[in-house]
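One rule links them: number in the working numbering = place in the sequence shown (from 1) + 813.
Glycine included, each C-beta is placed from N, C-alpha and C at the ideal position.
Bear in mind the structure is a predicted one, so any value in this text is a computation, not a measurement.
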Amino acid sequence: MAGSAVRDLSAPLMVINLILYITVIGYASWDLNHFINGQSNLPDVGGNQATVYFLQFAILASVVGVASSLANANHINSWRSDTLPLAASSTSIAWAITSLAFGFACKEIRLGGSRGWRLRVVEACITILAATQLLHVLLLHVGMFDDNYLPNFHDANSGISNNREAKPEPQPVEIS
């Protein structure tokens, strides 16, 4: 029963994370392109010394996050023990890289300077993603305690079973 609730919470959270990661890819790529072209003095771009590093880690975190969301979609669709390791590990890696980008976002905000609205959107999305991705990691690890992942797991749909209970030996039949 707990696994069903975890599964019901994981699906919308994964979709929200996917949308936020795609948003970050778009805006961070736009900002980084303007920085590379030397247009950082425009009012819509702005930034400071930490901006380039923040944008690079934000793009990296978003690409890994989108890949993690695709792995999680497969896991949420099947919800079996053989898809859990990929989903849990990719989500943990995506959260770690997102946390690094969040650290650069904090540094960039602390340094100040004029920042365009697109850069502030990327900062806000990374801040939200650091929290929601951590929640998703926790939900996946709580989902491991579902009955499907215990040693007596048997999936009737696929015929997969890892039932390790000792089977009783057949008793000889006495014929009189």
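One or two residues paired with residue i in a DSSP bridge
i: G859; result: R928
Burial state of residue i, where buried means 16 or more other Cβ atoms lie within 10 Å
i: S817; result: exposed
i: E921; result: buried
i: V986; result: exposed
i: G851; result: exposed
i: N830; result: buried
i: I910; result: buried
i: L897; result: buried
i: R928; result: buried
Which of helix, strand or coil DSSP assigns to residue i
i: G851; result: coil
i: E987; result: coil
i: T940; result: helix
i: R893; result: coil
i: H967; result: For H967, the pLDDT reaches just 49, beneath the cut-off of 50, and the residue's location in the model is therefore unreliable, although a value from the coordinates is still provided. Strand.
7 Å Cβ shell around residue i - same chain, five flanking residues per side excluded
i: Y840; result: R931, V934 and V935
i: C938; result: L833, T836 and V837
i: A880; result: S903
i: S912; result: A943
i: A918; result: F867, E936, I939 and T940
Cβ neighbours of residue i in the same chain (closer than 6 Å, five flanking residues each side left out)
i: G926; result: N861
i: R820; result: W892
Own chain residues within Cβ distance below 8 Å of residue i, not counting five before or after
i: S823; result: N885, I889, H949, L952, L953 and G956
i: L826; result: T945, L948, H949 and L952
Inter-stretch contact at 8 Å, needing at least 3 Cβ pairs: the stretch 893-907 / the stretch 844-857:
These segments do not touch.
Taking contact to mean 3 or more Cβ pairs, one atom from each stretch, closer than 8 Å, check whether the stretch 822-841 and the stretch 859-877 are in contact.
Flag = yes, the stretch 822-841 and the stretch 859-877 touch.
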